[in-house]
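Taking UniProt numbering, the leading residue of the sequence shown gets 1, the next gets one more, and so forth.
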Amino acid sequence: MQPPAIPPISAAAFAEACMTDLRTLLLNQDTQGAELFDSPKERLIFYRSEIHFESSLLAERTSAYLSSQSFLMIAFASSMANSNPEWGELFRLVVPAILSVLGLITSLHAMPGIKSNFDVIERWHQKQSELLQLEGRVGMLPNNESALFGEGSSPVGGPRYKRTLLFSLRTPIIFSLVWSAFGLLCLALSLMD
């Protein structure tokens, strides 16, 4: 018994089939080749929703972090202003130092979470950019959907969306420096007395 004959196809049809398979494979790397999206537009909508979700999560983390830091700042300032003649000296020596160490520790612990959120957002932006470059070039996406908020043809990891995330990335570093300075200030003031 002979195997069924494979019908001949033209080189152009073969190249088109291979290109479609390659395009599908490249776009589905994050899903390990599973076909989850019917069209590039659905994939773009999904990527944008993930970027929005991760950006919201980053904003919530930053907000919670800033709330904790503002509480610690108020407590630090109040403890430094203590002028009780009986126990004020010891209080000003111990409590502000503890608060500055606590502020430094919370800042150091906030950095990895905020950085990982940034990395996830950056990865989704990269996937979106790859999709727009690949599908936008062959006309799969309409022109009015190829740009995201004026990003246009800026490169992957371009400065536009990163600038919006720099506040969240820099805040723990800035507060770490501030708490270190406050801790040194407490030490210097206690040694001067």
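Even glycine gets a Cβ: it sits at the ideal position worked out from N, Cα and C.
Legend entry - Given T171 as reference, the closest of L58, S49, S39, R123 once Cα atoms are compared: One-based indexing of the sequence shown puts residue 171 at position 171. Ranking the options by Cα distance to T171, first place goes to L58.
Inset, instruction - Determine the contact status of G88 and W179, defining contact as a CB-CB distance below 8 Å. - result: Numbered from 1 along the sequence shown, position 88 holds the residue referred to as residue 88. Numbered from 1 along the sequence shown, position 179 holds the residue referred to as residue 179. No; because the gap between Cβ atoms is not below 8 Å, this pair is not in contact.
Inset, instruction - Spatial neighbours of S107 within its chain, please: CB distance less than 7 Å, with the 5 preceding and 5 following residues excluded, ordered by chain position. - result: If you number the sequence shown from 1, residue 107 lands on position 107. Here the set comprises P172, F175, S176, W179.
Inset, instruction - With DSSP as the reference, label L36 as helix, strand or coil. - result: Here residue 36 refers to the residue found at position 36 when the sequence shown is read from its first residue. It is coil, neither helix nor strand.
Inset, instruction - Taking only beta-carbon positions, decide if W179 is within less than 8 Å of chain C. - result: Included in the structure is just one protein chain, with no chain C present.
Inset, instruction - Determine, using beta carbons only, whether M80 and R92 come nearer to each other than 8 Å. - result: The count along the sequence shown starts at 1 and reaches residue 80 at position 80. The count along the sequence shown starts at 1 and reaches residue 92 at position 92. Yes, they are a contact pair.
Legend entry - Whole-angstrom distance between N84 and L165, CA atom to CA atom: Here residue 165 corresponds to residue number 165 of the sequence shown, with the count starting at 1. Here residue 84 corresponds to residue number 84 of the sequence shown, with the count starting at 1. Roughly 44 Å separates the two Cα atoms.
Legend entry - Whole-angstrom distance between I105 and G45, CA atom to CA atom: Walking along the sequence shown from the start, residue 45 turns up at place 45. Walking along the sequence shown from the start, residue 105 turns up at place 105. Rather than Gly, the amino acid found at residue 45 in this sequence is Ile. Approximately 39 Å, taken between the alpha carbons.
Inset, instruction - For G33, count neighbouring Cβ atoms within 10 angstroms of its own Cβ and tell me buried if that reaches 16, exposed if not. - result: Within the sequence shown, numbered from 1, the residue matching residue 33 stands at position 33. With a pLDDT of 42 at G33, under the threshold of 50, the modelled position of that residue is not reliable, and no figure is offered here.
Legend entry - Proximity winner among E135, I121, F182, relative to S55 (alpha-carbon distances): The residue labelled residue 55 in the question sits at position 55 within the sequence shown. It is I121.
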